[in-house]
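Protein chains in written order, with our numbering: chain A, 1 to 587; chain F, 1001 to 1587.
Each residue gets a CB set at the ideal place from its N, CA and C atoms; glycine is no exception.
Let me begin by presenting the structure, written as structure tokens, before commenting on it.
Here's what the structure looks like:
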């Protein structure tokens, strides 16, 4: 929110009493507020837009000639988790900002699950140096699946209320429907405390429809980013929830939902864009929110609608339209200069009145700050991990048992609950590479209880070796998938040795690994280095037989205990819709 | 904002754990959120909407058969001053609620100018008993014209910040552009304090265009209800301000602006409706916000657009879309049942889940509360008022002088600054009924200094007598217009005797009067009685020659020192744009 001083300075610059800092002349302004495009100049002083009046004639310290380019407001990602990029907020800048995203509404639930309020605070230390705006969607689910998992920290209603008062906090992050449908007091308190502060409650209504969705919406939840088909989108709009159309690495909803908008002639004022989880490399090659916009336009959406969805619609939703989301007087000067407003490739990105990126590159890298030592030591194994840690005991000594299997759906985070007959040898069930039914385990890594949860999964297609990762949504214990217990053990021990990270192991040998010291989730390295290392590691996973686009991102989501049908935590297999632990064997 | 208990009850009703209070079955739901109309049922519990799911099958204590009527959200007046109806909040209910307005965003600046924060508090005492919702736009201008007028009270930045924290307060009320353009610290503090609370700053940008408008908008002002032509509307949208299209008694902007929307194919999501100042009798005969909607549709606006403007658009603007403005789960159940959604004549009005009006009448009158005695004694004349109090001294003993004249524009509150030659007799200037140049005076009525400001006005056409009124915007001293000083004196003394009110005097005799004891602005009587008395008084004014539609409303606005070109206060004539006092004679 702007201060008295800021307001006064903006007025004085507009009156010509103070000289403006910057004039961007000769642009075609994409005015998302009035819905027009027209030629004018833009005056900026102290981070804010002073005037867009074509007839204004104010002095400025610096002049940029727009050469007739379109001036588009900086783009807003309405919902994302930046931990899944593996990058620190500082390193992420070099990836998202050149694509034109100047505001990230980030649910930092991953670091919160690892390190709580203290972890969140540590992440915000760089906030004033970033060439983009980080707004906080305060995690509602730390832990996500209470009672079903071990996490590093807990954010109760009191902690959430406290964090909600931070100036960066704009909403309560993606509230799980089961918390409402099972009338969980703690979560209702979190909702009430958020609404009392006139902030927004973000939804997460995967698959919910009809009366369940009505009940969910009735509790005060304002949006959903989990629509995967048109019916879901239409139902959310009907119950008064806004829709964030997501295009992430594995969840790609733009095509289907934008076609739905066109087929149903929907008004777009209750619709906006997000990425949720998108890999740094894909952001770099394909784009970020600018990709959502350009793709929507390509599909036939009116460019003004598409740009509004990426800018002012999100600003209004978060009740910040007086601050961001349009190039209009008084707003923070987040401006992209592009040749073609139908294909947003920014030549220049201006954030709060400063040119921060040109031609796809940051003007200056944002150096990674000094994270506290404690946040770099969050991995502690209570018990030694050995191949025996991963034994899956059967109810018989030999023969066959029927087990629950997490059946992955390509490019989705939801999965199917299958059951499969598995051979038992010496009382144990082992991976079956032929039928691609591999052992999956989650190893508790906060030094609390040394739990190891064991399940089976279809979809990775590893023919040998194992992969492990200390980001396992949302509890972020160490998740490991493998064809044999020895490699699984070696992989987990390598991740622990790194104090968090990911690795590929085969025949007891570490083929490759990367350390992620910040909470076991994020690197301290620049983006390019992290992306190259990740590319190599994904390549190594493919060398073992995996055919996925993003093997490690899939690994990090496969065990999620809140996304149907099945999950896996350090405590065991989870029946998500029933919200309970189940045995590995079908009884 | 809803409490934890409310949220829990709504959820439990939706889950069938609690029985709903009300089911409205068989309606065509006008879903302003999704932009659709479809058949369904509406379930309500504890004031809130539980479900609108067609397949839901919940039990309810009471069932209303909608008989296929349209269910439209309760209408929102985005900006009004209810003091100009002369009715108490309780009495006003019987006029506005049967027309379908369930939320009034009221700038109570009149009572605030008379009695400050204490006066505002007194007005809110009935708020919980009203069959509509009163939201407060906290007056930014008490006084409106500092230094140029005497008011009963002052609301400085500290008082405004304090009132802004009240739960009913949604915005800072209509900020005068001169306060921004002259960089007045006190008002910039008021803006900053409002934005810091994530609330809205309402504008009042009469006639401002171009760079002046850019500067005004740049200070954080979010809307304007003073557009009288299409160019003004377009310019406000361009600078990121929303537009309230007003249809009051004297200011009628719907026709021109709605035609502008249609001609320019404007999106309507940044546009809403208000009345600003509308007489009770006109609300009763013509309608309230339902008139704005129906007229807009008649002019060719899409019914969904028009109804959104009157409901969800205003709710979103005031950042209350989770509470009001749509018939969607969790929102307060404000619902109209109408036969025709193109012509909103409510058969039933439901406010917070209760039927409050049927077929144009309240189910139960809302009894006027016990206002404190002090608020009924706000008129004190410091000096005795006699005919001599109104002498207009000229700069010469005889001959002619040129004076400034307030030249009224029919059906507008703005006026033209004319100059006219007037005959001087015995060193005095008197009313000239032939040329309709009548004496106008403002008499200080708070017992502070006994000032009498004198000017001349064209437009009333009185041939004899005088009219006086203790509502004189915005300071609310006693304003009087007359053909002779004796009748002017008698009229002012009558208003003082009544402790506030209005009267018509001729030949020293009071032809009619009405007391307005609440702050000298509002009656304690029921609406019907006040309207009849006012009709009679307007008739009496017409019997003296006045040809205006609403003589007393015109009288209350004619001297306003903030609306161009000229104003008059107890301190004298005001040049509005220059914001300074000027002499009566042209020098």
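_Given a cut-off of 7 Å on the beta-carbon distance, is the pair residue 1103 (chain F) and residue 1133 (chain F) in contact?_
Your numbering for residue 1103 (chain F) matches position 103 in the second chain. Your numbering for residue 1133 (chain F) matches position 133 in the second chain. In this structure, the beta-carbon distance from residue 1103 (chain F) to residue 1133 (chain F) falls below 7 Å.
*Confirm, please, whether the CB-CB distance from residue 1107 (chain F) to residue 1084 (chain F) is below 7 Å.*
Taking the first residue of the second chain as position 1, residue 1084 (chain F) is located at position 84. Taking the first residue of the second chain as position 1, residue 1107 (chain F) is located at position 107. No, they are not a contact pair.
*Terminal residues of the continuous alpha helix (DSSP H) containing residue 552 (chain A)?*
Here residue 552 (chain A) refers to the residue found at position 552 when the first chain is read from its first residue. Its alpha helix (DSSP H) spans residues 551-558.
*Which partner residues of residue 1171 (chain F) appear in the DSSP bridge assignment?*
Position 171 of the second chain, counted from the start, is the residue given in the question as residue 1171 (chain F). Within the DSSP bridge table, the entry for residue 1171 (chain F) names F:1137 and F:1200 as partners.
*From the DSSP output, in three-state form, read off residue 446 (chain A) for me.*
On the first chain, position 446 is the one that residue 446 (chain A) refers to. Of the three classes helix, strand and coil, the one that applies to residue 446 (chain A) here is strand, per DSSP.
*Just how far apart, CA to CA, sit residue 55 (chain A) and residue 1580 (chain F)?*
As a position in the first chain, residue 55 (chain A) is number 55, starting the count at 1. As a position in the second chain, residue 1580 (chain F) is number 580, starting the count at 1. When rounded, the distance between both Cα atoms is 29 Å.
*asked:* Rounded to the nearest angstrom, what separates residue 1418 (chain F) and residue 73 (chain A) at their Cα positions?
replied: In the second chain, residue 1418 (chain F) corresponds to position 418, counting from 1. In the first chain, residue 73 (chain A) corresponds to position 73, counting from 1. So the two alpha carbons sit approximately 47 Å from each other.
*For chain F, is any of its Cβ atoms less than 7 Å away from the one on residue 279 (chain A)?*
Stepping through the first chain from its first residue, residue 279 (chain A) is reached at position 279. With respect to chain F, the C-beta atom of residue 279 (chain A) has no partner C-beta closer than 7 Å.
*Kindly indicate if chain F contains any beta-carbon less than 7 Å away from that of residue 1 (chain A).*
To locate residue 1 (chain A), count along the first chain from 1; it is residue 1. Taking Cβ atoms only, chain F reaches closer than 7 Å to residue 1 (chain A), which makes this a yes.
*Can you grab the Cα-Cα spacing for the pair residue 461 (chain A) / residue 480 (chain A), in whole Å?*
Mapped onto the first chain, residue 461 (chain A) falls at position 461. Mapped onto the first chain, residue 480 (chain A) falls at position 480. Straight-line Cα distance between these residues: approximately 14 Å.
*asked:* Could you give the first and the last residue of the continuous beta strand (DSSP E) run that contains residue 321 (chain A)?
replied: Taking the first residue of the first chain as position 1, residue 321 (chain A) is located at position 321. Per DSSP, residue 321 (chain A) is not a residue of any beta strand (DSSP E), being assigned neither H nor E.
*From the DSSP output, which residues share a beta bridge with residue 417 (chain A)?*
Taking the first residue of the first chain as 1, we reach residue 417 (chain A) at position 417. Under DSSP, the beta-bridge partners assigned to residue 417 (chain A) are A:406.
*Can a CB atom of chain F be found closer than 7 Å to the CB of residue 70 (chain A)?*
Here residue 70 (chain A) refers to the residue found at position 70 of the first chain. No, residue 70 (chain A) lies away from the interface with chain F (no Cβ there is under 7 Å from its Cβ).
*List, in order along the chain, the chain A residues whose C-beta lies closer than 9 Å to that of residue 1010 (chain F)?*
Residue mapping note: residue 1010 (chain F) aligns to position 10 of the second chain, counting from 1. Within 9 Å Cβ-Cβ: 215, 218, 219 and 220.
*asked:* If the criterion is Cβ atoms closer than 7 Å, does the pair residue 1097 (chain F) and residue 1315 (chain F) meet it?
replied: Residue mapping note: residue 1097 (chain F) aligns to position 97 of the second chain, counting from 1. Residue mapping note: residue 1315 (chain F) aligns to position 315 of the second chain, counting from 1. Cβ atoms of residue 1097 (chain F) and residue 1315 (chain F): not closer than 7 Å.
*Along chain A, which residues have their Cβ under 8 Å away from the Cβ of residue 1211 (chain F)?*
On the second chain, residue 1211 (chain F) is found 211 positions in, with the first residue counted as 1. Chain-ordered, the chain A residues with CB closer than 8 Å to the CB of residue 1211 (chain F) read 14, 51, 53, 55 and 56.
*Taking only beta-carbon atoms, is residue 267 (chain A) less than 7 Å away from chain F?*
Numbered from its first residue, the first chain carries residue 267 (chain A) at position 267. So yes, residue 267 (chain A) belongs to the interface.
*Which stretch, first to last residue, makes up the alpha helix (DSSP H) that contains residue 572 (chain A)?*
Numbered from its first residue, the first chain carries residue 572 (chain A) at position 572. From DSSP, residue 572 (chain A) is part of no alpha helix (DSSP H) but of the beta strand (DSSP E) over 572-575.
*Kindly indicate the opening and closing residues of the beta strand (DSSP E) around residue 1469 (chain F).*
For the purposes of this step, residue 1469 (chain F) is taken as residue 469 along the second chain, with counting starting at 1. 1466-1469 is the extent of the beta strand (DSSP E) around residue 1469 (chain F).
*Under the criterion of a Cβ to heavy atom distance below 6 Å, does residue 1463 (chain F) qualify as lining the ligand HEM?*
The ligand HEM is absent from the structure shown, which contains no ligand whatsoever.
*Residues of chain A with a CB under 9 Å from the CB of residue 1476 (chain F): which are they?*
Against the second chain, residue 1476 (chain F) aligns to sequence position 476. The contacting residues do not exist; residue 1476 (chain F) stays about 30 Å from chain A at best.
*Pick helix, strand or coil for residue 1489 (chain F), following the three-state DSSP scheme.*
Indexing the second chain from 1 puts residue 1489 (chain F) at position 489. Secondary structure at residue 1489 (chain F): helix, using DSSP grouped into helix, strand and coil.
*Using a C-beta cutoff of 7 Å, does residue 1004 (chain F) count as contacting chain A?*
Position 4 of the second chain, counting from 1, holds the residue named residue 1004 (chain F). Proximity of residue 1004 (chain F) to chain A, defined by a Cβ-Cβ separation below 7 Å, is satisfied.
*In its own chain, which residues sit with a C-beta less than 8 Å from the C-beta of residue 322 (chain A), not counting the 5 before and 5 after it?*
Here residue 322 (chain A) refers to the residue found at position 322 of the first chain. So the qualifying residues of the chain are 330 and 331.
*asked:* Taking its Cβ as the centre, do 16 or more other Cβ atoms sit within 10 Å of residue 35 (chain A), making it buried, or is it exposed?
replied: The residue you call residue 35 (chain A) lines up with position 35 of the first chain. Burial of residue 35 (chain A) is indicated by the presence of at least 16 other C-beta atoms within 10 angstroms of its C-beta.
_Of the residues F:1562, F:1530 and F:1032, the one placed nearest residue 1268 (chain F), counting alpha carbons only_ = For the purposes of this step, residue 1268 (chain F) is identified with residue 268 of the second chain, where counting begins at 1. Comparing alpha-carbon positions, the option among F:1562, F:1530 and F:1032 lying closest to residue 1268 (chain F) turns out to be F:1032.
*Going by alpha carbons, who is nearest to residue 1449 (chain F) out of F:1149, F:1046 and F:1548?*
To locate residue 1449 (chain F), count along the second chain from 1; it is residue 449. When F:1149, F:1046 and F:1548 are compared, the shortest CA-CA separation from residue 1449 (chain F) is found for F:1149.
*How many whole angstroms separate the CB atoms of residue 1557 (chain F) and residue 1437 (chain F), which I take to be in contact at a CB cut-off of 8 Å?*
Translated into the one-based positions of the second chain, residue 1557 (chain F) becomes position 557. Translated into the one-based positions of the second chain, residue 1437 (chain F) becomes position 437. About 19 Å separates the beta carbons of residue 1557 (chain F) and residue 1437 (chain F), which is beyond the 8 Å limit, so they are not a contact pair.
*Since residue 1436 (chain F) is in the alpha helix (DSSP H), which residue starts that stretch and which ends it?*
Walking along the second chain from the start, residue 1436 (chain F) turns up at place 436. Segment: none, residue 1436 (chain F) is in no alpha helix (DSSP H) and carries neither H nor E.
_Tell me which residues of the region 23-46 of chain A have at least one Cβ-Cβ distance to chain F shorter than 8 Å, keeping chain order._
Cβ proximity to chain F below 8 Å picks out 31, 33, 34, 35 and 36 from the region 23-46 of chain A.
*Is the beta carbon of residue 1239 (chain F) less than 7 Å from the beta carbon of residue 1385 (chain F)?*
One-based indexing of the second chain puts residue 1239 (chain F) at position 239. One-based indexing of the second chain puts residue 1385 (chain F) at position 385. Cβ atoms of residue 1239 (chain F) and residue 1385 (chain F): not closer than 7 Å.
*Is the Cβ of residue 1433 (chain F) closer than 7 Å to any Cβ of chain A?*
Sequence index remark: in the second chain, residue 1433 (chain F) carries index 433 (1-based). No - not a single Cβ of chain A is within 7 Å of the one on residue 1433 (chain F).
*Give a yes or no on whether 7 Å exceeds the smallest Cβ distance from residue 194 (chain A) to chain F.*
Numbered from 1 along the first chain, position 194 holds the residue referred to as residue 194 (chain A). No, residue 194 (chain A) lies away from the interface with chain F (no Cβ there is under 7 Å from its Cβ).
*Note down, one range per segment and in chain order, each alpha helix (DSSP H) of at least 4 residues found wholly within the region 1029-1076 of chain F.*
Listed in chain order, nothing qualifies, since the region 1029-1076 of chain F has no complete alpha helix (DSSP H) run of 4 or more residues.
*Taking residue 28 (chain A) as the reference, which of A:38, A:176, A:62 and A:45 has the closest Cα?*
Here residue 28 (chain A) refers to the residue found at position 28 when the first chain is read from its first residue. It is A:38.
*Ordered along the chain, which non-local residues of its own chain (more than five positions away) have a Cβ less than 6 Å from that of residue 1136 (chain F)?*
Start at 1 with the first residue of the second chain, and residue 1136 (chain F) comes out as number 136. If we look at residue 1136 (chain F) and ignore the five residues flanking it on each side, its Cβ neighbours are 1168 and 1169.
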